[in-house]
Amino acid sequence: MCGIVGYIGDKSPVEVIMTGLHRLEYRGYDSSGVAVVGENGLDCVKSVGKLKIMDQKLEEHPLKGNLGIGHTRWATHGVPSEANSHPHFNGAKTIAVVHNGIIENYYELREQLQAAGVVFRSQTDTEVIAHLVDKYYEGDLFAAVKRALKDCEGAYAIGVICQDNPDVLVAARHGSPLIVGLGDNEGYIGSDVPAIMKYTRNVMYIENGHVCEITRAGVKIEDVDGNPVSMEVKTVEWDDAAAEKEGYPHFMLKEIHQQGAVLRNTLAGRIDEHSDSVRLTDMNIAPEELKACGKIFIVACGTAWHAGMVGKFLIEKFAKVPVELDLASEFRYRDPIIPPNSIMIPVSQSGETADTLEAIRIAKSRGAKVASIVNAVGSSVARESHGVVYQQAGPEIGVASTKAYTSQCMCFALFTIWLGQVRGTLDKDQVAMMIRELRAVPDKVDAILKNQDKVKELANRPEYRDAVGAFFLGRNYNFPSALEGALKLKEISYIHAEGYAAGEMKHGPIALVTNTFPVVCVAVKGETYEKMVSNIQEIKARAGLIISVATEGDESIQAHSNDVIYIPECYEPYSPILVAVPLQLLAYHISANLGRDVDQPRNLAKSVTVE
Ligand code: F6R
Numbered sequence: 221m222c223g224i225v226g227y228i229g230d231k232s233p234v235e236v237i238m239t240g241l242h243r244l245e246y247r248g249y250d251s252s253g254v255a256v257v258g259e260n261g262l263d264c265v266k267s268v269g270k271l272k273i274m275d276q277k278l279e280e281h282p283l284k285g286n287l288g289i290g291h292t293r294w295a296t297h298g299v300p301s302e303a304n305s306h307p308h309f310n311g312a313k314t315i316a317v318v319h320n321g322i323i324e325n326y327y328e329l330r331e332q333l334q335a336a337g338v339v340f341r342s343q344t345d346t347e348v349i350a351h352l353v354d355k356y357y358e359g360d361l362f363a364a365v366k367r368a369l370k371d372c373e374g375a376y377a378i379g380v381i382c383q384d385n386p387d388v389l390v391a392a393r394h395g396s397p398l399i400v401g402l403g404d405n406e407g408y409i410g411s412d413v414p415a416i417m418k419y420t421r422n423v424m425y426i427e428n429g430h431v432c433e434i435t436r437a438g439v440k441i442e443d444v445d446g447n448p449v450s451m452e453v454k455t456v457e458w459d460d461a462a463a464e465k466e467g468y469p470h471f472m473l474k475e476i477h478q479q480g481a482v483l484r485n486t487l488a489g490r491i492d493e494h495s496d497s498v499r500l501t502d503m504n505i506a507p508e509e510l511k512a513c514g515k516i517f518i519v520a521c522g523t524a525w526h527a528g529m530v531g532k533f534l535i536e537k538f539a540k541v542p543v544e545l546d547l548a549s550e551f552r553y554r555d556p557i558i559p560p561n562s563i564m565i566p567v568s569q570s571g572e573t574a575d576t577l578e579a580i581r582i583a584k585s586r587g588a589k590v591a592s593i594v595n596a597v598g599s600s601v602a603r604e605s606h607g608v609v610y611q612q613a614g615p616e617i618g619v620a621s622t623k624a625y626t627s628q629c630m631c632f633a634l635f636t637i638w639l640g641q642v643r644g645t646l647d648k649d650q651v652a653m654m655i656r657e658l659r660a661v662p663d664k665v666d667a668i669l670k671n672q673d674k675v676k677e678l679a680n681r682p683e684y685r686d687a688v689g690a691f692f693l694g695r696n697y698n699f700p701s702a703l704e705g706a707l708k709l710k711e712i713s714y715i716h717a718e719g720y721a722a723g724e725m726k727h728g729p730i731a732l733v734t735n736t737f738p739v740v741c742v743a744v745k746g747e748t749y750e751k752m753v754s755n756i757q758e759i760k761a762r763a764g765l766i767i768s769v770a771t772e773g774d775e776s777i778q779a780h781s782n783d784v785i786y787i788p789e790c791y792e793p794y795s796p797i798l799v800a801v802p803l804q805l806l807a808y809h810i811s812a813n814l815g816r817d818v819d820q821p822r823n824l825a826k827s828v829t830v831e
């Protein structure tokens, strides 16, 4: 985890860095720190806790200069404390380093350095980098960093400054994300685009193994052996306002409300109006490969894994290809059998999830074609895959995934139609109908968002808001909706919630149901509606408190439920996209009513870049 930012130029480095760190706070918020090279050499401010504390400290202790680096931390080695906060320094405090990642051989390096007389101030792995750079420093910071990195194993994105080289910002990447931004007579580094997009749209996505020397004149990139690397400058299309709250009290609520527009964006450019067909050219899979494909592997973590389950159901039902769905953290250790002609679809909002990346590497090494569903453009998952379908959802800042989930489901719907089209499992009329229904989804999402009064009211009722636990139940396409609804509630409200396939209740979980136990039942019209109603009746018979999510016009469900949230009538295979919205809102409003930190729930970080 962790976020890094750096700046060289005429603006105030503290202003640029703090703006960037606020945008990166989703990557971790245990502690933070900023170091600046100014007239009096290298100066630094650190603080434990959220960035607002850091803002206050910087007012009391302003840092002035033209070069600086900053960091927001999610602890991996060493407790959250000022000593463990970045930047870390060499012994003489002339060199400062910020780091995102883990130096895996740091014990060994630390022992070697200590044996040579180096005194460590922190328990972090990062501090070894500062001492190594010092060890190799002979007046050229770029050269010293390249040499130091040869000794380091593991993952890193680093920013390094030195008071004796006030015109140079050095950055490097191996495994953790890093971008370099270019401006007029200035340069930036950041863990991702939102960190610097207030100031520049011209960015370079730095590759693994590359080290950058950033000066006011531009960027020089080399590998650790000094071989020059050339890199394209890309223009970021995202709107800066997209990274702000736009008047909503929380990013999560803003992102929930963006979903209609986001889903239109996900569809944009993917449907050929003339032939009424889907095309996903960036996935880089030839029609012959789609036809020959005998198995699809979907790997992801958390919410993205729930989207993967929606994908599995769609693909198997309509394109008739067997799908294995894995948690990426399990896939990498289970020695998976990957037959020839297999396709892997990793799913990741951030594109930086360590387990998903490792699953990709395993699948590639065993011959699979890898085409990912990713939101963050230019991220590691996208770059390590053979092809990609970008979700086009814009930056997601709230830690709880909302718009990324629904747009991932939408990408799977598009992929399914494409696959069915090419393999001939869907005829022209079915394809036309599925496209028509897909196009109708964003408006239905907007309709749900316009009519939230019922959800808000329920979220404020003591029997739901103050519950100690809850179940979320669904069947078939909406089994993943149940899992996702439960995850949303527990991660932001801290109410214990579990998602189950409704048919599983009688096999154990129903024992927990009492007259104070809320059970959210997804019972939209479709193939398993009657079965779902039977399950609801079983819970009702045990006095459970039932909130049903049902299809508009279904009056009869009220007789079996304490409360009903309606969604518009829709094509059942796409219903998970619609169902997700009221479940997100329920979790959001309960969490907000309980006064929780909605956007940054405890113990979590937006991007899980460590195993
Ligand atoms: C939950 C949530 C997480 C992520 C998971 C994967 O709301 O956001 O469960 O879905 O950490 O992250 P990505 O999609 O970035 O790989």
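Quick note: the sequence shown uses my numbering, first residue 221, plus one each step.
By construction, the Cβ of each residue, glycine as well, lies at the ideal position given by its N, Cα and C atoms.
inquiry  = Would the region 580-594 count as touching the region 378-393 if we require 3 or more Cβ pairs under 8 Å?
reply    = no
ask   = Three or more beta-carbon pairs under 8 Å between the region 401-417 and the region 234-249, yes or no?
value = yes
query = Where does H780 fall in DSSP's three states?
reply = helix
query = So is A679 buried or exposed if we call it buried at 16+ other beta carbons inside 10 Å?
reply = buried
inquiry  = Mapping the DSSP letters down to three states, classify M529 as helix, strand or coil.
reply    = helix
ask   = Is A624 buried or exposed, if buried means 16 or more other CB atoms sit within 10 Å of its CB?
value = buried
task = Return the chain-ordered ranges of every beta strand (DSSP E) run that is complete within the region 391-432 and spans a minimum of 3 residues.
result = 399-403, 406-410 and 422-425
message = Going by beta-carbon coordinates alone, are V439 and I378 separated by less than 8 Å?
response = no
task = Can you tell me which of E550, A520, I516 and K355 puts its alpha carbon nearest to the alpha carbon of V541?
result = I516
M451 vs G607 beta-carbon contact at 8 Å = no
request  = Can you check DSSP and say which residues form a bridge with G480?
outcome  = G480 is not bridged to any residue.
Assumed close pair T486, A613 - CB separation to whole angstroms, cut-off 8 Å = 7 Å
request  = Spatial neighbours of D492 within its chain, please: CB distance less than 7 Å, with the 5 preceding and 5 following residues excluded, ordered by chain position.
outcome  = R499
ask   = Measuring CB to CB, does N739 end up less than 8 Å from A690?
value = At residue 739 the sequence reads Val, which differs from the Asn that was named. Yes; because the gap between Cβ atoms is below 8 Å, this pair is in contact.
message = Using the Cβ count rule (16 or more neighbours within 10 Å means buried), how would you classify N260?
response = exposed
key: Candidates D354, V688 and M564: closest to L814 by CA position   = V688
key: Sheet register partners of E718 (DSSP bridge)   = F691
key: Identified DSSP bridge partners for N320   = A377
key: Neighbourhood of V642 by C-beta, 7 Å cutoff - its chain only, sequence neighbours within 5 removed   = P507, L510 and K511
query = Considering P700, what are the terminal residues of the alpha helix (DSSP H) in which it resides?
reply = F699 to S713
message = I'd like to check one pair, G395 with G298: are the Cβ atoms closer than 8 Å?
response = no
query = How is I557 classed by DSSP in three states: helix, strand or coil?
reply = coil
inquiry  = Quick check: the Cα distance between T576 and G429, rounded to an integer number of angstroms?
reply    = 20 Å
query = Where do the ends of the beta strand (DSSP E) carrying G446 lie?
reply = Taken as a continuous stretch (DSSP letters only), G446 belongs to no beta strand (DSSP E), as it is neither H nor E.
request  = Alpha carbon to alpha carbon, how far is N286 from V799? Give it in angstroms, no decimals.
outcome  = 50 Å
key: Nearest candidate by alpha-carbon position, reference Q628, set A295, E536, M529 and L824   = M529
request  = Report buried or exposed for A336, applying the criterion of at least 16 other Cβ atoms within 10 angstroms of its Cβ.
outcome  = exposed
ask   = What do you reckon, is the C-beta of L707 under 7 Å from a heavy atom of the ligand GTP?
value = Absent from the structure shown: the ligand GTP. Ligands present: the ligand F6R.
ask   = Pick from T622, A579 and S342: whose alpha carbon is nearest that of K474?
value = T622
ask   = Under 8 Å, do H780 and Q757 count as touching if we go by C-beta distance?
value = yes
request  = Answer yes or no: the CB of E245 versus the heavy atoms of the ligand F6R, is any distance below 7 Å?
outcome  = no
query = Using the beta-carbon count (16 or more within 10 Å), is T734 buried or exposed?
reply = exposed
request  = List the whole-angstrom C-beta distance separating Y425 from I399, where the pair is believed to meet the contact cut-off of C-beta under 8 Å.
outcome  = 6 Å
key: Own chain residues within Cβ distance below 7 Å of A770, not counting five before or after   = A743, V744, I777, V784 and Y786
inquiry  = Suppose you measure from the CA of N304 to the CA of R484; what does that come to, to the nearest Å?
reply    = 44 Å
query = Buried or exposed: which applies to H351, given that a residue is buried once 16 or more other Cβ atoms fall within 10 Å of its Cβ?
reply = buried
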